[in-house]
Structures are given as C-alpha cells and as structure tokens.
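Asker: Protein sequence lines correspond, in order, to chains W and Y.
Using the numbering used here, read the first sequence as starting at 8 and increasing by one per residue.
Using the numbering used here, read the second sequence as starting at 26 and increasing by one per residue.
The beta carbon of each residue, even a glycine, is placed where N, CA and C say it ideally should be.
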Amino acid sequence: MSAEAVVFYLFAAITVLSAAVVVLARSLIYCAFALLFTFFGVAGLYVLLGADFLAATQLLIYVGGILVLLLFGVMLTHKLYDLDLRSEVTQFPAGIIVAGGLFAILAATALRTRWATGAGRPPSATTAEIGKLFMTQYLLPFEAASILLLVALMGAAMIVRRKKDA
Amino acid sequence: MIALQHYLIVSAALFSLGMLGILTRRNAVNVLMGVELVLNSANLNLVAFSRFGSGNLQGQLFAVFVIVIAAAEVAVALAIVLTLYRLRRTPNLDDADILRG
C-alpha cells in the first residue's frame with residue numbers, strides 16, 4: 008500500500024467511525040466531541056484531495072464556529088444541573104433500514120457508474136486562485152452569500168429575542 | 026492508488042449516517058448534527074469531483090458556498106431550538122406539535 012492509501016484509509020476510518028459515534032452515542036456531549044473528529048477527518052481528506060484552502064476553512068468554520076454553536080445549543084437547551092445530557096432514539100430499526108438501503112444504493116451507484124474523470128487537478132496551492140475566482144467570475148454569488156449571512160444572523164437574533172410585552 | 030470511487034464511498038457512508046441521525050434522534054440539536062454530517066458528505070463529493078474531474082476549481086468554490094449556508098443554517102436553527110425550549114421546556118422535536126406560538 009502506498010503512503011497515500013495509508014493516509015486515506017486512516018482519515019476515512021476517523022471520519023466514518025466518529026460519524027457513527029455521533030449518530031449512535033447516548034450522551035449529547037459525546038456526540039458533539041465525536042463530531043469534532045468527523046470534521047477533522049473530512050479536513051484531512053480535503054488535504055489529500057489538494058484542497059488546502061478548503062481544509063483550513065473547514066477547521067476554522069466547522070470546528071471553530073459551528074461546533075461551538077452546537078455545544079452552546081446543547082448547554083442552553085438543558086437544565087444546568089442535568090449532568091447526563093441524554094438524547095433519546097426513536098424508530099431505530101426503521102431508520103437503520105432506510106439508512107442502510109440508502110448507503111447500498113449510493114455505493115452501488117458510485118461503483119457502477121463510469122464517471123467522466125478527466126485529467127484531474129494536480130495538487131497545488133488553491134487559495135490565490137479561489138480568491139481570484141471569487142472576485143471575478145463568482146462575484147455575484149459571493150455578494151449574495153454575504154447578504155445571506157447578514158440576514159441569517161439578524162434573523163437569528165430576532166427569533167431568540169424576548170418580546171418586551173410578553 | 027486512491028481513486029474517485031473511494032471518496033464517493035466514504036461520502037455515501039457519511040450521508041447515510043447523517044440520515045440515520047436525522048431520522049432516529051429526538052433531540053433537535055442532535056438532528057442538527059446529522060444535518061451537518063449530510064452537508065459534509067456533499068462537500069466531500071464536490072471536492073472529490075473537483076480533484077478527479079476536469080481539473081477546475083468550481084467544485085471547491087461550491088463547497089465554500091455550502092459551508093457558508095451551513096453556518097447560516099445552524100445559526101437560525103439554533104435560534105428556533107432555543108425559542109422552542111423557552112416555550113415548551115424541552116429540546117425534543119416530538120413535543121413541538123402545536124401550531125400556535
């Protein structure tokens with residue numbers, strides 16, 4: 008096995024196993040920390056795919072932002088003296104059947120389709136290129152995304168604000 | 026040699042696990058974690074096709090937009106979960122079964 012294969016299988020195992028912990032663990036805190044390892048594993052796979060900027064973004068935004076936000080969500084939606092933050096599981100057998108069938112279909116599709124793989128992109132620094140594309144060809148989606156973020160954050164603040172007269 | 030299919034299988038596993046989390050969890054924050062897994066699997070596919078496809082950066086740009094939308098989604102969703110908790114004193118989605126505020 009080449010070094011690339013070893014690293015790939017390592018990161019793939021981290022990603023999938025910790026994702027399984029996220030889904031199956033009883034304690035919400037375990038779920039949140041397993042999610043941390045899933046994000047790390049995906050960032051490692053990004054590095055293997057030659058997406059260095061995206062790997063850094065993944066760590067900054069997912070681990071530094073979204074995961075912390077989710078932990079705040081866990082803390083704020085439980086009573087503080089609840090030491091074991093349990094999450095109940097419902098309709099597990101049916102969920103297993105649906106998810107397993109979904110995985111079988113997706114895996115069969117991935118393996119059987121003759122994907123139109125081209126020359127591919129040799130690993131090289133992507134940050135400058137991505138920045139140029141955002142400022143030229145993809146300027147409109149870029150600005151729309153910034154407005155979306157602004158609106159979403161204002162909306163979130165509006166939703167959680169306590170009404171004065173209530 | 027690691028090919029496109031390897032990444033697609035990992036992404037399919039991530040997607041299925043995320044879907045399992047969305048379907049079987051009762052806690053709203055835990056359902057959000059499942060949504061994050063699904064978004065990550067979609068991102069992995071985009072980057073993998075960007076690497077093994079025609080060789081341009083479009084897949085990675087799409088992945089950046091997906092991350093932006095994930096951040097916005099988590100912020101709004103957590104605001105809704107907090108409001109639900111304030112109204113019903115529970116983070117479980119099953120208990121959100123009234124239509125008036």
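What distance in whole Å lies between the Cβ atoms of V49 of chain W and L69 of chain Y, which are believed to be in contact at a cut-off of 8 Å?
Answerer: 6 Å
Asker: List, in chain order, every chain Y residue whose beta-carbon is nearer than 9 Å to that of F40 of chain W.
Answerer: By Cβ distance, chain Y contributes nothing, its closest Cβ being about 11 Å from F40 of chain W, past 9 Å.
Asker: Looking at the structure shown, is N81 of chain Y part of a helix, part of a strand, or coil, going by DSSP?
Answerer: coil
Asker: What did DSSP end up calling S94 of chain W once you bin it into helix, strand or coil?
Answerer: coil
Asker: Can at least three beta-carbon pairs, one atom from the segment 138-145 of chain W and one from the segment 81-97 of chain Y, be found at a separation below 8 Å?
Answerer: yes
Asker: Assuming R51 of chain Y contacts T64 of chain W under a Cβ cut-off of 8 Å, what Cβ separation, rounded to an integer in Å, is found between them?
Answerer: That belief does not hold up - the Cβ atoms of R51 of chain Y and T64 of chain W are roughly 32 Å apart, past 8 Å.
Asker: Alpha carbons only, please: which of W:G71, W:A123 and W:R93 is nearest the one belonging to A28 of chain Y?
Answerer: W:A123
Asker: Which same chain residues, not among the five before or five after I137 of chain W, have their C-beta less than 6 Å away from its C-beta?
Answerer: Around I137 of chain W: F60.
Asker: Taking any Cβ of chain Y, which residues in the segment 50-73 of chain W have a Cβ under 8 Å from it, in chain order?
Answerer: The segment 50-73 of chain W vs chain Y, Cβ under 8 Å: L52, Y53, L55, L56, G57, A58, F60, L61, T64, Q65, I68, Y69, G72 and I73.
Asker: Measure from the alpha carbon of L155 of chain W to the alpha carbon of each residue in Y:A100, Y:Y32 and Y:S41, then state which is nearest.
Answerer: For the residues Y:A100, Y:Y32 and Y:S41, the minimum Cα distance to L155 of chain W belongs to Y:A100.
Asker: Of all the options W:F18, W:L56, W:F46 and W:A10, which has the alpha carbon lying nearest to the alpha carbon of Y128 of chain W?
Answerer: Here the sequence assigns Arg to residue 128 of chain W, which means Tyr is not the residue at that position. For the residues W:F18, W:L56, W:F46 and W:A10, the minimum Cα distance to R128 of chain W belongs to W:L56.
Asker: Give a yes or no on whether the minimum CB-CB distance between R114 of chain Y and chain W is below 7 Å.
Answerer: no
Asker: A97 of chain Y touches chain W at which residues, Cβ-Cβ below 7 Å?
Answerer: L155, L156 and A159
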